[in-house]
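Just so you know, we're using my numbering here: the sequence shown kicks off at 94 and counts up by one. These notes concern the structure reproduced below.
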Amino acid sequence: MARCSVCGAPAVAYIRYQRRYLCREHYLEFVEEKVRRAMEKYRMVGKGYRVLVALSGGKDSAALLGALASLREKLGYELVAIHIDLGIYEYSVRSREAAERLAEKLGVPLIVVPLKEVLGATIPELAKLSGRPPCSVCGMVKRYVTNAAAVELEADALALGHNADDLAVYNLKSFLNQDLEAISKLGPKTESVPGVAVGRIRPLYTVYEKESFLYAYLKGLPFVHEDCPFVENQQMERQLKEVVNRLEEERPGTKVQLVTKLALRIRDYPRPRGEIRRCKACGLIASGDLCALDRLTLRIFGEPRGPRIREWIRERARELGLIPRRAAPAPAS
Ligand SMILES: [Zn+2]
Ligand SMILES: [Zn+2]
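Spelled out as structure tokens, the structure:
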């Protein structure tokens, strides 16, 4: 039987690119250490920061919240979580349950945003009403709601659960489409624009998908195993995932090299053009007069519904005693 390279206890995992066996305890420590190093290297957080974590209910968001909760005392930040109930049938019911149990287990205050109630329609309904693919509507709604919540909560950073595999695939897909502006958004963090957008951080930047799964599993964190039913539509992502896996198989470490090299050159990619504007309806970041969510809801409901989402989140945050906020953050060092 294989033994842990650190303590000699029975091993549960083999880290191929490091040729090390690890026991449960040292495996959890290994992943947390990876997350801590990425957060320090890329200056994702500072003492007193309020970090809002986007919880989908899947393994990556479970690993993300688990690792961030383990590191919170050492790094001195505060955690709040948000889950959006997308209304995608049974998948959303189970995801919401998992997110609620996870936040409870880790002692992190959670805001749940049920789309049907707050926006008036679920993702499948919004897709039908707008004539757009569900994944595109869903991506836009998630970006809007998580940013709105981060602004309302006066969060210093919004943490996303993208792992190294996800980022390697998005990077290649954007490269094949020569969408260089999309690549410019795949770094470990983006900057805040005061009052209109909160910067995003990706603490799992160098964590493999497999590692994120095993971490969440070994730590006993609740998460849903199934994928969203609409993921079937994403043919290209799946094919690129196979390509990246084959490269990794032959050259262990490929995925992490791909994202760390990208992080080094991220500033060389063109940023989206045009000035940053404030949405006339909701006041958050927009590329035109209205933000994407308010353009869509104005078109299909006859009124922009961003303000309604902001107000709803503000009320929940007040109920949870999260606003007004007390502690002021120190800058990332
Ligand atoms: Zn060990
Ligand atoms: Zn708006």
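Cβ atoms here follow ideal geometry from the backbone N, Cα and C, with glycine treated the same way.
{"Asked": "DSSP state of isoleucine 216 mapped onto helix, strand, coil", "Found": "helix"}
{"Asked": "Residue burial classification, threonine 107 (beta-carbon count within 10 angstroms, cutoff 16)", "Found": "The identity of residue 107 in the sequence shown is tyrosine, whereas the question assumes threonine. With fewer than 16 Cβ atoms within 10 Å of its Cβ, tyrosine 107 is classed as exposed."}
{"Asked": "Those residues which DSSP pairs with isoleucine 108 across a bridge", "Found": "Arg113"}
{"Asked": "Distance between phenylalanine 306 and proline 315 (C-alpha atoms, nearest Å)", "Found": "11 angstroms"}
{"Asked": "Spatial neighbours of tyrosine 263 in its chain, beta-carbon cut-off 7 angstroms, leaving aside the 5 residues before and after", "Found": "Leu279"}
{"Asked": "Span of the alpha helix (DSSP H), counted from its first residue to its last, around leucine 164", "Found": "152–168"}
{"Asked": "Burial state of cysteine 100 (16 or more Cβ within 10 Å)", "Found": "exposed"}
{"Asked": "Spatial distance of alanine 410 from alanine 290 (CA atoms)", "Found": "18 angstroms"}
{"Asked": "Lysine 373 - partner residues in DSSP beta bridges", "Found": "Lysine 373 is not bridged to any residue."}
{"Asked": "Contact the region 363–375 vs the region 313–333: 3+ CB pairs below 8 angstroms", "Found": "no"}
{"Asked": "DSSP beta-bridge partners of glutamate 133", "Found": "Glutamate 133 is not bridged to any residue."}
{"Asked": "The region 215–223 contacting the region 341–357, beta-carbon criterion three pairs below 8 angstroms", "Found": "no"}
{"Asked": "Heavy atom of ligand 2 within 8 angstroms of glycine 376 beta-carbon", "Found": "yes"}
{"Asked": "Expected contact under 8 angstroms - CB spacing of proline 363 and alanine 160 to nearest Å", "Found": "About 32 angstroms separates the two Cβ atoms, so there is no contact after all."}
{"Asked": "Residue from Gln350, Arg236 and Lys303 whose Cα sits closest to the Cα of isoleucine 378", "Found": "Arg236"}
{"Asked": "Straight-line Cα distance separating leucine 269 from serine 380", "Found": "25 angstroms"}
{"Asked": "Identified DSSP bridge partners for isoleucine 175", "Found": "Ala147 and Ile204"}
{"Asked": "Proximity test, alanine 102 beta-carbon vs ligand 2 heavy atom, cut-off 8 angstroms", "Found": "no"}
{"Asked": "Between the CA atoms of valine 211 and arginine 401 - distance to the nearest angstrom", "Found": "7 angstroms"}
{"Asked": "Identity of the residues DSSP links to leucine 314 by a beta bridge", "Found": "Paired residues: none, contrary to the question."}
{"Asked": "Closer than 8 angstroms: leucine 115 CB and nearest ligand 1 heavy atom", "Found": "yes"}
{"Asked": "Simplified DSSP state of valine 291, which is helix, strand or coil", "Found": "coil"}
{"Asked": "Unbroken beta strand (DSSP E) run spanning alanine 410, endpoints", "Found": "No beta strand (DSSP E) contains alanine 410, which is instead part of the alpha helix (DSSP H) from 399–412."}
{"Asked": "Closest by C-alpha distance to leucine 222, when choosing among Val146, Arg398, Leu389 and Ile416", "Found": "Leu389"}
{"Asked": "Residues sharing a beta bridge with lysine 198, DSSP", "Found": "In the DSSP output, where bridge partners are listed per residue, lysine 198 has none listed."}
{"Asked": "Neighbourhood of leucine 203 by C-beta distance below 6 angstroms, restricted to the same chain and skipping five residues each side", "Found": "Ala174 and Ala196"}
{"Asked": "Cβ-based burial, glutamate 325 [other Cβ within 10 Å; buried from 16]", "Found": "exposed"}
{"Asked": "The region 340–348 contacting the region 178–194, beta-carbon criterion three pairs below 8 angstroms", "Found": "no"}
{"Asked": "Aspartate 382 vs arginine 398 beta-carbon contact at 9 angstroms", "Found": "no"}
{"Asked": "Opposing strand residues paired with arginine 96 [DSSP bridges]", "Found": "Pro103"}
{"Asked": "For isoleucine 378, the three-state DSSP class (helix, strand or coil)", "Found": "strand"}
{"Asked": "DSSP beta-bridge partners of leucine 251", "Found": "Leu145 and Arg293"}
{"Asked": "Ligand 2 heavy atom lying under 8 angstroms from the CB of proline 397", "Found": "yes"}
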